[in-house]
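K.L.:
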Amino acid sequence: MNEIFLLKLGEIVLKGQNRRAFENCLKGNIRRRVKPYGDFHVYLKQSTIYVEPENDSCDLDGAWEACAAVFGIASMCRCRPCEKTTDAIYAAVLSYLGDELSMAKSFKVESKRADKSFPLNSIQLSQEIGGRLAEAFPQVAVDVHNPDYTVHVEVRDFAAYVHGPAVPGAGGLPTGMGGRAAVLLSGGIDSPVAGYMIAKRGVEIECIHFFSYPYTSEKAKEKVLELAHLLTRYCGRMTVDVVGFTEIQEAIRDHCPEEYFTLIMRRFMMRIAEKIAREHGCRALVTGENLGQVASQTMEAMAVTGAVVNLPMFHPLIGMDKEEIVTIARKIGTLETSILPYEDCCTVFTPRHPKTKPELQQVEAAEAALDVESLVERALANTEKVTVKYDED
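Counted the way the UniProt record's numbering counts, the sequence shown spans residues 1 to 393.
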């Protein structure tokens, strides 16, 4: 029989009457993600999703990597199915796991018997297979408390399955079950991680990027689109709205007090982002803000910038240390792109002494010198929509 994947559900099992909707969504997401790698049968039984290749032409390694990025899976393992007899299980362990077992210093067998009609219980099955393996591999010690390698045997409805240690899945909830949100995506480290974190809660995301040519280069825009492309491994396809922001930044520079440059700029970003978000059916805005990291991310400053929108604003990184954010960026593969030396518009016209504890009335007074509505409308008209797909290359 072919090698197959067993994908164990996470917090979906805690759902009540709508659990089936989560399960169906997850199965659909998995089917879409493995489709480029061949024909797979994806089905659910006993809180486990089975991903079974239908022919020998399937790319199992590619499908495995795709499943590792699907939200909603707590753990996953590649396994060998076999008949539900001790002889067949032992033969499957030898052929499928023999090489790894032979290189281990110690081992144990851990069994689960979901099919209660199987004649041996879990402990008896572990003892039977473990005893045979101890004879076959006398150089490998038996250690049931802290083994170097664990052989897993699962006796289920359809077959018995043998595998080595499981690996963590992506966790979270299936994409599509948490609504849709718009992520303000810069070229830095934080905002891609924020997009990943909100997507992990089952949220479909669209991205909005503010582009200030010629102060920021085409390379900077390409960098952001690459970050979006990397996120699609987890989130699926998305649209990136690239907003022409130069006129607004120049107007702020020419007509507003320098200490308020960043605050007024971010208020414009929020106004524009809300309009674009509503076009996409998004019900929230997501930013990579982190409390106290820079002058515009104090409580007072964030209150001022958020005052211009009615949509909820989510800040998944708000209480994280920078090192925690960097660790996640490295894990999801965005760090190396984020640190490329192409700056985004947030670094244009940075004030020497930014206001860290602004009052709303002061910022509104400083902003009164601008024709806000006209500037917003022209920026929206100067927006490029780019569709990004993970499998586009």
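Idealized CB from N, CA, C, for every residue including glycine.
(1) Could you check where the alpha helix (DSSP H) with T86 kicks off and where it finishes?
(2) What do you get for E392, buried or exposed, if any count of 16 or more other CB atoms within 10 angstroms of its CB means buried?
(3) Give, in chain order, every unbroken run of the alpha helix (DSSP H) that is at least 4 residues long and sits entirely within the UniProt domain "THUMP" (61 to 166).
(4) For the candidate residues F261, N382, P192, whose alpha-carbon lies nearest to that of I325?
(5) E343: which of S374, P351, S212 sits nearest, CA to CA?
(6) Let me check understanding here. Comparing Cα to Cα, which of E83, R201, A141, K108 lies closest to I73?
(7) By alpha-carbon positions, which one of Y390, A295, T86 ends up nearest to K355?
(8) What are the complete alpha helix (DSSP H) segments, minimum 4 residues, inside the stretch 242 to 326?
(9) Mind checking who V51 pairs with in its DSSP beta bridge?
(10) Within 10 angstroms of the Cβ of R156, are there 16 or more other Cβ atoms? Answer buried if so, exposed if not.
(11) Counting along the chain, where does the alpha helix (DSSP H) carrying F22 start and finish?
(12) With DSSP collapsed to three states, give me the class of E392.
(13) To the nearest angstrom, report how far apart S186 and P174 are at their CA atoms.
(14) Give the straight-line distance between the Cα atoms of K84 and F118, rounded to the nearest whole angstrom.
(15) Between the C-alpha atoms of R330 and A369, what's the straight-line distance to the nearest angstrom?
(16) Give me the residue from L120, P257, V372, A170 with the minimum Cα distance to Q362.
(17) Spell out the partners DSSP gives V240 in its beta bridges.
(18) Could you check where the alpha helix (DSSP H) with L335 kicks off and where it finishes?
(19) Under 8 Å, do V162 and V93 count as touching if we go by C-beta distance?
(20) The beta strand (DSSP E) that contains V376, what's its start and end?
(21) Would you grab the beta carbon distance between V34 and A66 for me? Rounded to a whole angstrom, and I think it's under 8 Å.
(22) Please list, in chain order, all residues of the same chain as A170 whose beta carbon is under 8 Å from its beta carbon, the five residues on each side excluded.
(23) Candidates L263, P351, T350: which alpha carbon is nearest A365's?
(24) Let me check one thing: in DSSP terms, what residues is P168 bridge-paired to?
(25) Under the three-state reduction of DSSP, which class applies to A329: helix, strand or coil?
(26) Can you tell me the Cα-Cα spacing of S111 and C58, whole angstroms?
P.N.:
So, from the listed chains and residues:
(1) Sequence index remark: in the sequence shown, residue 86 carries index 86 (1-based). Counting along the chain, the unbroken alpha helix (DSSP H) around T86 starts and ends at 86 to 102.
(2) Here residue 392 refers to the residue found at position 392 of the sequence shown. For E392, the predicted model reports a pLDDT of 44, less than 50, meaning its position is unreliable and no value from the coordinates is stated.
(3) Segments of the alpha helix (DSSP H) lying fully in the UniProt domain "THUMP" (61 to 166): 86 to 102, 122 to 136.
(4) The residue you call residue 325 lines up with position 325 of the sequence shown. Of F261, N382, P192, the residue nearest in Cα terms is P192.
(5) Mapped onto the sequence shown, residue 343 falls at position 343. The option with the nearest alpha carbon to E343 is S212.
(6) Translated into the one-based positions of the sequence shown, residue 73 becomes position 73. Of the candidates E83, R201, A141, K108, the one whose C-alpha sits nearest the C-alpha of I73 is R201.
(7) The sequence position of residue 355 within the sequence shown is 355, counting from 1. Of Y390, A295, T86, the residue nearest in Cα terms is A295.
(8) DSSP runs (the alpha helix (DSSP H)) wholly in the stretch 242 to 326: 246 to 255, 261 to 279, 299 to 306.
(9) Within the sequence shown, numbered from 1, the residue matching residue 51 stands at position 51. Bridge partners of V51: F5, V42.
(10) Residue numbering aside, residue 156 sits at position 156 when the sequence shown is read from its first letter. Buried, because 16 or more other Cβ atoms sit within 10 Å of the Cβ of R156.
(11) Here residue 22 is taken as the residue at index 22 of the sequence shown, counted from 1. Annotation for F22: the continuous alpha helix (DSSP H) segment containing it runs 19 to 34.
(12) As a position in the sequence shown, residue 392 is number 392, starting the count at 1. Any answer about E392 is weak, because its pLDDT of 44 lies below 50 and its placement is not dependable; what the coordinates show is given next. In this structure, E392 counts as coil in the three-state DSSP scheme.
(13) The residue labelled residue 186 in the question sits at position 186 within the sequence shown. The residue labelled residue 174 in the question sits at position 174 within the sequence shown. Looking at the two C-alpha atoms, the distance is approximately 25 Å.
(14) The sequence position of residue 84 within the sequence shown is 84, counting from 1. The sequence position of residue 118 within the sequence shown is 118, counting from 1. Answer to the nearest angstrom: the Cα atoms are 8 Å apart.
(15) Sequence index remark: in the sequence shown, residue 330 carries index 330 (1-based). Sequence index remark: in the sequence shown, residue 369 carries index 369 (1-based). Looking at the backbone, the Cα of R330 and that of A369 are separated by about 43 Å.
(16) Within the sequence shown, numbered from 1, the residue matching residue 362 stands at position 362. Nearest to Q362 by alpha-carbon distance, out of L120, P257, V372, A170, is P257.
(17) The residue labelled residue 240 in the question sits at position 240 within the sequence shown. V240 pairs with C207, V386.
(18) In the sequence shown, the residue the question calls residue 335 occupies position 335. Boundaries of the alpha helix (DSSP H) around L335: 335 to 338.
(19) In the sequence shown, residue 162 corresponds to position 162, counting from 1. In the sequence shown, residue 93 corresponds to position 93, counting from 1. A contact, by the Cβ cut-off of 8 Å.
(20) Translated into the one-based positions of the sequence shown, residue 376 becomes position 376. Per DSSP, V376 belongs to no beta strand (DSSP E); it is in the alpha helix (DSSP H), 372 to 381.
(21) As a working mapping, residue 34 is identified with position 34 in the sequence shown. As a working mapping, residue 66 is identified with position 66 in the sequence shown. About 5 Å separates the beta carbon of V34 from that of A66, a gap short enough to meet the 8 Å contact definition.
(22) Translated into positions along the sequence shown, residue 170 becomes position 170. Annotation for A170: A68, A69, V70, F71, G72, I73, K200, Y234 place their beta carbon closer than 8 Å to its own, counting only its chain and skipping 5 residues before and after.
(23) Here residue 365 is taken as the residue at index 365 of the sequence shown, counted from 1. Nearest of L263, P351, T350 to A365, Cα basis: L263.
(24) Along the sequence shown, one-based indexing puts residue 168 at 168. Beta bridge pairing from DSSP links P168 with S75.
(25) One-based indexing of the sequence shown puts residue 329 at position 329. In this structure, A329 counts as helix in the three-state DSSP scheme.
(26) In the sequence shown, counting from the first residue as 1, residue 111 sits at position 111. In the sequence shown, counting from the first residue as 1, residue 58 sits at position 58. Spanning the two alpha carbons is a distance of roughly 29 Å.
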